[in-house]
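The structure appears below as structure tokens.
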Amino acid sequence: MNKKIPAVGIDLGTTFSVVAYLDASDKPETIRNSEGDLTTPSVVFFDRERPIVGKEAMKVSMTEPENVARYAKREVGKDFFHQPIRNEQLPPEVIQALILKKLKEDAELKLGTITKAVVTVPAFFNEPRRKSTQDAGQLAGLEVIDIINEPTAAAIAYGVQQGFLSERGATKHKERILIYDLGGGTFDVTLLDIDGYQYTAIATAGDVFLGGIDWDRRIIDYVAEQFRQEHGVDPREDAASMQALMADAEDAKRSLSQRDSVSLSVNHNGLRLRVELTRSQFESMTEDLVQRTLFTTQQLLDRAKSGWQDLTRVLLVGGSSRMPMIQEMLAQQTSSPVDRSLDPDECVAHGAAIYARILLNDTDGEHPQIQVTNVNSHDLGVLGMERETGMSRRKVLLDRNTPLPATGSARFTTREDNQKQVSVDVIEGGDASGKNATSIGRCLVTDLPAGLPAGTPVNVRFTYTQNGRLEVAAAVTDTEQATTLVLERTSGLSDDELTRWENRICTGFMQGELELSSPLSDLEEPLEILIKPDAVSNNDEEILVAAIPVATETTPVLADTDQDVAGDDTGEDFLAALADTIDSDEEEESSTEEAEESAESVDADLDDFFNNFD
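What follows is the structure, encoded as structure tokens:
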């Protein structure tokens, strides 16, 4: 393999991060950080002079919690981190960048200058979060040559470990594996086929707000409540005490994977209490969290029209998968092996390092050893309005779990005579009405021919590429005039903000004050459009959307259509995901009323679901 350009694989985790590379014998190896550890805590302490990342930041979090940023990965895609740091609002990308910078510098102590990396993300990350992760890499001084899903990276590491990528192994080996990835802050599950060198994701699902820290919080709440009952005060109300509780709860969770009971000591306001916690108690208080992962996994298999009996193995990934309750739950569902052969902390970074080498070899003209096919984790669609009802409606162009790259197309119509521009809102996820959708951006067609009457059809083709960008081709039906557009995301940091933060990080970060701009709404930022000639077929698709002039603020109008529009969950709200799934299972065509079922109905369906696994 080519070794001219050093490249690393980075698992940028919620609680811990790991960086790896391929050694001289092409074996993946984790790079120890400057403290000598294989994993680096994803924690940043903002000292008055410079940021401190990792173990030292963890230590300081006990004394200055207000200046410590933890779990920033859960807030990627938002405008700002939830708490101001030293009177500044920091974008999550900046916190992530400081962690990446630490990993880069530690890798350079061993390998020399590092400029390129593959960074992993949860498979269920939507596009704004993926773009924000790429931006964080740029801020850290890295060229992120690709973003790869964490379960896919783990599968690649598994293939290398088992010798499937040797010439003999690849030609003979076929598997269908379920990758169950329970990390510190996120949960992913991916169904993936291995056929020789081909790694094909069939379907993916997940919950970006479910991970090991949620098990920690159950311990925190239990211990704090015992303390409150004993002493009449709640240690969670004090930031420093809360930081101590978080550390103790994480240690207790890990110990309970090996022991039947642990003892936690709580100190707050000069008061003390020792609390005993058994594994049985811990499993009881977190049973609903385990069931959330099972629900998501079963939902994935159902959508993929597959079953537990079709699996050759279940591959465990993520440090939180070490918990016996997880392994026992999975063993109850399948007779296939529940495989713990991978190091759950390091395997994702190892797979990313292997993939980085493959990409660089491909760039240099060498044939890559592994072919990876991913799927989109959320529906891609456009948002408009029904003519008769005036209600918002989503039109899905690419269903979730479509193999990438993929293309979807639709026909729009102009609303005015001599309209010069067309604007269409592009979204991910959401229900039939567009509720809970994530805005991706605004597709602009700016060079319509003069003199077009109102109602002129415009064909638009959306291509979802492997690198996570949308390419948009548009053509006026009557004239066959074609233009190609690149959709620029409206979320995340602008180019100017990226440059400003990049300069600040490079010059020590804490010097000077940042001029913060107000958060923009999803579609307020103008887009940079790259236009080049391209051909779009002039077919007889139904007219779906009446596209609007850019200057107006009204919503596009959808023409009559019997197209089914299925709901899509975001992983942020378990009950919302259940309600959405129940709707799509009961009737093929959703309505706004059906998407907003009562909480009682959702609870009933939830009980029915869980009863099936008693």
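Quick note on the numbering used here: the sequence shown kicks off at 25 and runs consecutively.
C-beta: ideal position from N, C-alpha, C; glycine also.
Proximal residues to residue i (C-beta, below 8 Å), its chain only, five neighbours per side dropped
| i | result |
| --- | --- |
| D248 | At residue 248 the sequence reads Ala, which differs from the Asp that was named. Correct list, in chain order: D258, P259, R260, L269 and V290. |
| L135 | P30, V32, Y45 and I55 |
| I641 | Because the chain here runs from 25 to 638, residue 641 falls outside it and cannot be looked at. |
Residues bridged to residue i [DSSP beta-bridge criterion]
| i | result |
| --- | --- |
| Q222 | D219 and Q395 |
| L114 | None, per the DSSP bridge assignment. |
| V184 | Partner(s): none; V184 has no beta bridge. |
| G230 | D212 |
| Y45 | E53 |
| E300 | S287 |
| A434 | V484 |
| D205 | D212 and V341 |
| G60 | In the DSSP output, where bridge partners are listed per residue, G60 has none listed. |
| L422 | L404 |
| V500 | V482 |
Collapsed DSSP secondary structure at residue i in the structure displayed
| i | result |
| --- | --- |
| E199 | strand |
| E307 | helix |
| D593 | In this predicted model, D593 has a pLDDT of only 39, less than 50, meaning its place in the structure is not dependable enough to derive any value. |
| R381 | helix |
| L517 | coil |
| R466 | strand |
| E452 | strand |
| P348 | helix |
| F319 | helix |
| G479 | coil |
| P65 | strand |
| K79 | helix |
| D441 | coil |
| P427 | strand |
| A31 | strand |
| R98 | helix |
| R74 | coil |
| A461 | coil |
| D103 | coil |
| R364 | coil |
| L354 | helix |
| G408 | strand |
| L36 | coil |
| A179 | helix |
| A474 | coil |
| A93 | strand |
Contacts around residue i, its chain only, beta-carbon distance under 7 Å, and the 5 residues preceding and following it disregarded
| i | result |
| --- | --- |
| E300 | S285 and S287 |
| L354 | Y204, V338 and V362 |
| T224 | L216, D217 and T397 |
| S281 | R346, M347 and P348 |
Beta-carbon proximity check, residue i vs residue j, cutoff 8 Å
| i | j | result |
| --- | --- | --- |
| Q120 | K140 | no |
| N173 | V145 | yes |
| L234 | L163 | no |
| T39 | A147 | no |
| Q222 | Q395 | yes |
| A178 | P52 | no |
| A93 | I76 | no |
| K277 | I243 | yes |
| L407 | A461 | yes |
| D449 | R424 | no |
| V399 | P427 | yes |
| D375 | R418 | First, the residue type needs correcting, since residue 375 is Gly and not Asp in the sequence shown. Cβ distance not < 8 Å, so G375 and R418 don't count as in contact. |
| L517 | D170 | no |
| I201 | T317 | no |
| L522 | G342 | no |
| G37 | S66 | yes |
Contacts around residue i, its chain only, beta-carbon distance under 6 Å, and the 5 residues preceding and following it disregarded
| i | result |
| --- | --- |
| K433 | It should be pointed out that residue 433 corresponds to Ser in this sequence rather than to Lys. Excluding sequence neighbours, S433 sits near R485. |
| L114 | F105 |
| V469 | V446 and A498 |
| W332 | Q357 and T358 |
| T64 | S41, N57 and G78 |
| K444 | L472 |
| H197 | F188 |
| E370 | V42 and T54 |
| P89 | A263, A264 and Q267 |
| E307 | M349 |
Near the ligand SAM: residue i beta-carbon under 7 Å from a heavy atom
| i | result |
| --- | --- |
| L339 | As far as ligands go, the structure on display features none, and thus does not contain the ligand SAM. |
Chain D contact for residue i (CB, 8 Å cutoff)
| i | result |
| --- | --- |
| K444 | Of the chains in the structure shown, none is chain D; there is only one protein chain. |
Exercise. What residue ranges within the region 236-295 form continuous alpha helix (DSSP H) runs of no fewer than 4 residues, ordered along the chain?
Worked result: 236-255 and 263-279
Problem set entry | Entirely enclosed alpha helix (DSSP H) segments - the region 110-172, minimum 4 residues | 116-135 and 151-163, all fully within the region 110-172.
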